[in-house]
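J.: Same order as they appear, the protein sequences are chains G and W. Per numbering that gives the first Met the number 0, the first sequence starts with residue 0, numbered consecutively. Per numbering that gives the first Met the number 0, the second sequence starts with residue 0, numbered consecutively. Each residue gets a CB set at the ideal place from its N, CA and C atoms; glycine is no exception. One structure coming up, written as structure tokens, with questions to follow.
2 protein chains.
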Amino acid sequence: MTDENIVFIGRKPAMNYVLAVVTQFNSGSKEVVVKARGRAISRAVDVAEIVRNRFVPDAEVKEIKIATEPVEEEGRTANVSSIEIYLEKP
Amino acid sequence: MTDENIVFIGRKPAMNYVLAVVTQFNSGSKEVVVKARGRAISRAVDVAEIVRNRFVPDAEVKEIKIATEPVEEEGRTANVSSIEIYLEKP
């Protein structure tokens with residue numbers, strides 16, 4: 000999979016990322032990965048659900064992975080949770 | 000599965016819920032489901048990751064489900080995302 004199929008969720012409103020995912024599906028991608036860390040994880044789930052329920056009804060959640068990633072913050076290393084939601088069109 | 004195997008994530012610190020999950024595994028449960036809605040979803044992922052990485056190393060993430068649930072709020076119905084993380088011991 001190339002990087003173009005990954006949408007990183009940040010602090011913007013969910014609809015910004017929904018648009019990014021829908022655009023990738025409309026441009027021919029069969030799979031789009033929604034990724035987020037920390038507090039953005041809730042928004043990632045919102046994005047995946049809004050895409051499926053409102054814009055790309057035939058998209059399915061193929062797999063969801065969670066993990067722990069080390070993050071450098073002010074000289075020390077903290078752990079932050081992450082999520083990857085794999086959306087797939089048949 | 001009975002209700003005793005479900006841990007609902009709310010607004011308390013993650014370690015409160017980690018303790019609840021670990022207690023259920025230690026009392027003999029083979030599967031514990033971590034559930035959350037809305038902004039608590041990020042905390043649910045934290046809880047699952049802390050349980051696996053620090054307290055119950057043989058626990059595996061068997062499945063993760065996401066969904067959209069209608070919630071009554073001040074007379075109107077809003078949609079909120081939810082997550083269920085199924086943790087299983089072999």
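Taking Cβ to Cβ, would you say W/VAL44 is nearer than 8 Å to G/SER80?
T.: Numbered from its first residue, the second sequence carries residue 44 of chain W at position 45. Numbered from its first residue, the first sequence carries residue 80 of chain G at position 81. Against a cut-off of 8 Å, the Cβ pair of G/SER80 and W/VAL44 comes out as a contact.
J.: So for W/ALA35, helix, strand or coil by DSSP?
T.: As a working mapping, residue 35 of chain W is identified with position 36 in the second sequence. Strand, per DSSP.
J.: Identify the contact partners of W/VAL44 in chain G, using a Cβ-Cβ distance below 7 Å as the criterion.
T.: For the purposes of this step, residue 44 of chain W is taken as the residue at position 45 of the second sequence. Per Cβ cutoff of 7 Å: ILE40, ILE65, SER80 and ILE82.
J.: In the DSSP assignment, find the alpha helix (DSSP H) that holds G/PHE24 and state where it starts and stops.
T.: In the first sequence, counting from the first residue as 1, residue 24 of chain G sits at position 25. Looking at the DSSP string, the run of the alpha helix (DSSP H) that includes G/PHE24 is 13 to 25.
J.: Can you confirm whether G/MET0, when its beta carbon is compared against all beta carbons of chain W, has any partner nearer than 8 Å?
T.: Counting from 1 along the first sequence, the entry for residue 0 of chain G is found at position 1. Summary for G/MET0: the model assigns pLDDT 47, below 50, so the residue's position carries little reliability; its value from the coordinates is reported in the next sentence. With 8 Å as the cut-off, G/MET0 does not count as an interface residue toward chain W.
J.: Quick check: the stretch 58 to 65 of chain G against the stretch 58 to 68 of chain W, are at least 3 beta-carbon pairs closer than 8 Å?
T.: Yes: at least three Cβ pairs fall under 8 Å.
J.: Going along the chain, which residues of its own chain have a beta-carbon closer than 6 Å to the beta-carbon of G/ARG42, five neighbours each way excluded?
T.: One-based indexing of the first sequence puts residue 42 of chain G at position 43. Around G/ARG42: ILE8 and ALA13.
J.: Counting only C-beta atoms, is W/ALA47 closer than 8 Å to chain G at any point?
T.: Counting from one through the second sequence, the residue named residue 47 of chain W turns up at place 48. Interface residue, yes.
J.: Excluding the 5 residues flanking W/ALA39 on each side, which residues of the same chain have their C-beta closer than 8 Å to its C-beta?
T.: By one-based count along the second sequence, residue 39 of chain W stands at place 40. Same-chain partners within the cutoff: ILE8, GLY9 and ARG10.
J.: Hey, does G/ASN15 have any beta-carbon neighbour from chain W nearer than 8 Å?
T.: Counting from 1 along the first sequence, the entry for residue 15 of chain G is found at position 16. Answer no: the Cβ-Cβ gap between G/ASN15 and chain W never drops below 8 Å.
J.: Among G/GLU83, G/ILE84, G/THR67 and G/ILE82, whose alpha-carbon lies nearest the alpha-carbon of G/THR76?
T.: Counted from its first residue, the first sequence places residue 76 of chain G at position 77. With distances taken between Cα atoms, G/THR76 lies closest to G/THR67.
J.: From the DSSP secondary-structure annotation, give me the bridge partner or partners of W/VAL60.
T.: Looking up residue 60 of chain W in the second sequence gives position 61. W/VAL60 pairs with W/LEU86.
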